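Encoded as structure tokens, the structure appears first; notes follow it.
Structure, rendered in structure tokens:
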């Protein structure tokens, strides 16, 4: 979504507030999957086949770690690892995640600002019926989100504070766009940080959500399944119910055009367009719709 | 020296007590240069050209870390990094360095036991005239030990305790061999841990030192220079003065044969032989001399 918006806006006009609920410390390294995936994607370095990590990555370290009997189920490519080493060393020296992120973006030539939602370590956590309490990466990578979730909580979020600039970005933005990400586990952990949802409520008229569902299904990941498991319907109405208290407009795909009255009934203005950003033209069209509504 | 001894003894009869004063945490990773160099050497995987690290190593992560502007002066190869990730993850899970070391040795097929001198983090530290206080790796790698040292201290050693098995290994060994390592910075940090020097004193008659000097020079590293800077002479007499209170015999090279009376005068029995372990036969000969004295 950020890449799409950057085709119609100057990158310097864009600020992304990024989920850090997936962040983890593994092998002693601070790993920020969402910040890194977005950075790599904006830099054009992302692996489009896997949907994560870098294109043309090598796996020397992980291969040897597997040989040693180490925890190699969470794939960290050699080049990707360098970023985790870099971030961990700088954090050990007292630098903020926001400053490190800004330097990494500069290194990769990305002009968009990315702000971690908080500097504190929060952790999206899954209570499952089958495997007990799982960390994000256990749920997502180890079990391939193929497990029923009783409850999603964000550890430490209640004590966290928004990063410097986050509340200002929301209050001063011409438009706040909530990406077609997983509402419960990609957007939810941002909302769980005290102050952010209230800041969005203040700007409700300018907050536009792009639905993560097309034809009632998530393009990838467990958004549809999790919506149902957490008491929402896996359709535009469910998404509207989730967002309506702090967002005024829901953009849904033409495949879900019939849902429009349900969205309006749920208290959100509904815009129908093609939401699949499958090429540059469609991405640009969606960006224009989101900015124009 | 351990490899030489293993040519005349069964590996299971050998226990190495290893310096951990060089250990560091960098990029969030616990790195144990001496344990790893010895492990790689005993496994036959060491890089004989550099004197550290693994043969045939690749450098993907370090290259990218350098690109990112990270601290890449301390070279960590991709395969070597896997070991640091493995160790760091296991330590985070509460495993002891000794247990992890034992598992790593088993993985590499090494039958010799290696004990870290202590489980605590101690840090050999250099007070220099020119650059102030330096960590071991700053002194050794960053400044290539080309700097005058006012004082060597081992941070945290006074509060440290020997690892499980260390004092027993000293008290029960048929022979205690002090390797031709740097007395001040490779052996000294082991001696700085309370209890170890006293245990050696109890076994003084069975403690044999192999001098690290040949013709008054260290084969590599700053042993000769540091001996002088710390008030010892850079010759067999200086080495004898350093060790005589807890070691009865000093093995010196034939190049230093003239020093024998000085060693005896310093209170140690002196044995003269070829100490350069340049091939298997010479290594074996030295091992036999050390065990037979």
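Residue numbers (this note's numbering), protein chains in the order written: chain A, 2 to 294; chain B, 2 to 294.
Glycine included, every Cβ here is placed at the ideal spot set by N, Cα and C.
If you're wondering where the values come from, they're calculated on a predicted model, not measured in any experiment.
Could I get the ranges of all uninterrupted beta strand (DSSP E) runs contained in the segment 192 to 246 of chain A, with 3 residues as the minimum, in chain order? Listed in chain order, the complete beta strand (DSSP E) runs (minimum 3 residues) inside the segment 192 to 246 of chain A are 208 to 211.
I need the DSSP call for residue 39 (chain A), collapsed to helix, strand or coil. Judged by DSSP in its simplified three-state form, residue 39 (chain A) adopts helix.
When DSSP builds the beta bridges, which residues end up paired with residue 127 (chain A)? DSSP, once it has assigned bridges, lists A:135 and A:153 as partnering residue 127 (chain A).
Three CB pairs or more closer than 8 Å across the segment 140 to 150 of chain A and the segment 176 to 183 of chain A: Counting Cβ pairs under 8 Å, fewer than three are found: no touch.
If the cut is a Cβ gap below 7 Å, which residues of chain B does residue 84 (chain A) touch? Within 7 Å Cβ-Cβ: 69.
My guess is that residue 23 (chain A) and residue 35 (chain A) are in contact by the Cβ rule of under 8 Å, so how many angstroms apart are they, rounded? Going by Cβ atoms, the distance from residue 23 (chain A) to residue 35 (chain A) rounds to 6 Å, so yes, they are a contact pair.
Is the segment 210 to 229 of chain B touching the segment 247 to 259 of chain B, taking contact as three or more C-beta pairs under 8 Å? Yes, since at least three Cβ pairs between the segment 210 to 229 of chain B and the segment 247 to 259 of chain B fall closer than 8 Å, the two stretches touch.
Using a C-beta to C-beta distance shorter than 8 Å, which residues of chain B count as neighbours of residue 31 (chain A)? The contacting residues are 29.
Three-way DSSP call (helix, strand, coil) for residue 89 (chain A) in this model: Residue state, collapsed to three classes: helix.
Give the DSSP bridge partners of residue 77 (chain A), in chain order. DSSP output for residue 77 (chain A) lists no bridge partner at all.
Pair within 8 Å by beta-carbon distance, residue 238 (chain A) and residue 260 (chain A): Yes; because the gap between Cβ atoms is below 8 Å, this pair is in contact.
Given residue 223 (chain A), which residues of its chain have a CB within under 6 Å of its CB, disregarding the five upstream and five downstream residues? If we look at residue 223 (chain A) and ignore the five residues flanking it on each side, its Cβ neighbours are 146.
Below 8 Å between beta carbons is the criterion; list the residues of the segment 119 to 130 of chain A that meet it against any residue of chain B, in chain order. Taking 8 Å as the upper bound on Cβ-Cβ separation, chain B lies near no residue of the segment 119 to 130 of chain A.
May I ask which residues mark the beginning and end of the alpha helix (DSSP H) holding residue 262 (chain B)? That run of the alpha helix (DSSP H) goes 261 to 266.
Taking C-beta to C-beta, are residue 156 (chain A) and residue 123 (chain A) nearer than 8 Å? Going by C-beta atoms, residue 156 (chain A) is nearer than 8 Å to residue 123 (chain A).
Which residues bound the beta strand (DSSP E) around residue 63 (chain B)? For residue 63 (chain B), no beta strand (DSSP E) segment is defined; the enclosing uninterrupted segment is the alpha helix (DSSP H) at 61 to 68.
Burial state of residue 139 (chain B), where buried means 16 or more other Cβ atoms lie within 10 Å: With 16 or more Cβ atoms within 10 Å of its Cβ, residue 139 (chain B) is classed as buried.
Count the other CB atoms, across all protein chains shown, that sit within 10 Å of the CB of residue 80 (chain B); report buried if there are 16 or more and exposed otherwise. Here residue 80 (chain B) is buried. Its C-beta has 16 or more other C-beta atoms within 10 Å.
Supposed contact pair residue 19 (chain B) and residue 118 (chain B) - C-beta distance, whole angstroms, cut 8 Å: Cβ-Cβ separation between residue 118 (chain B) and residue 19 (chain B): approximately 6 Å, consistent with a contact (criterion under 8 Å).
Given a cut-off of 8 Å, decide if residue 292 (chain B) and residue 278 (chain B) are closer than it, judged by their beta-carbon atoms. The answer is no: Cβ separation not under 8 Å.
Rounded to the nearest angstrom, how far is the Cβ of residue 203 (chain B) from that of residue 164 (chain B), given a contact under 8 Å? Contact doesn't hold; Cβ gap of about 18 Å is too wide.
Under a CB-based cut-off of 8 Å, is residue 287 (chain A) close to chain B? Closer than 8 Å: no.
For a contact defined as C-beta to C-beta under 7 Å, what are the partners of residue 66 (chain B) on chain A? Under the 7 Å cutoff, chain A gives 83, 86 and 87.
Assign residue 17 (chain A) to one of two classes, buried (16 or more other C-beta atoms within 10 Å of its C-beta) or exposed (fewer than that). Buried.
Paired residues, beta bridge with residue 33 (chain B) - DSSP: According to DSSP, residue 33 (chain B) bridges with nothing at all.
is_contact[residue 62 (chain A), chain B] using C-beta, thresh 8 Å: Interface criterion met: the Cβ of residue 62 (chain A) is under 8 Å from a Cβ in chain B.
DSSP state of residue 142 (chain B), grouped into three classes? Of the three classes helix, strand and coil, the one that applies to residue 142 (chain B) here is helix, per DSSP.
How about residue 59 (chain B): is its C-beta nearer than 8 Å to some C-beta of chain A? Taking CB atoms only, residue 59 (chain B) has a neighbour in chain A less than 8 Å away.
Status (buried if at least 16 other CB within 10 Å, exposed otherwise) for residue 49 (chain A): Taking every protein chain shown into account, the CB of residue 49 (chain A) has fewer than 16 other CB atoms within 10 angstroms, so this residue is exposed.
With distances taken from CA atoms, which of B:241, B:258 and B:43 is nearest residue 266 (chain B)? Closest in C-alpha terms to residue 266 (chain B), from the list B:241, B:258 and B:43, comes B:241.
Short CB-CB distance (under 8 Å) between residue 4 (chain A) and chain B: No, no contact with chain B.
Closest to residue 121 (chain B) by CA distance: which of B:285, B:73, B:190 and B:245 is it? Of the candidates B:285, B:73, B:190 and B:245, the one whose C-alpha sits nearest the C-alpha of residue 121 (chain B) is B:190.
Could one say the Cβ of residue 56 (chain A) lies closer than 8 Å to chain B's Cβ atoms, at least one of them? Not one chain B Cβ lies under 8 Å of residue 56 (chain A).
Can you tell me which of B:205, B:114, B:69 and B:110 puts its alpha carbon nearest to the alpha carbon of residue 103 (chain A)? The alpha carbon of residue 103 (chain A) has as its nearest neighbour, out of B:205, B:114, B:69 and B:110, the alpha carbon of B:69.
According to DSSP, is residue 254 (chain B) part of a helix, a strand, or is it coil? Strand.
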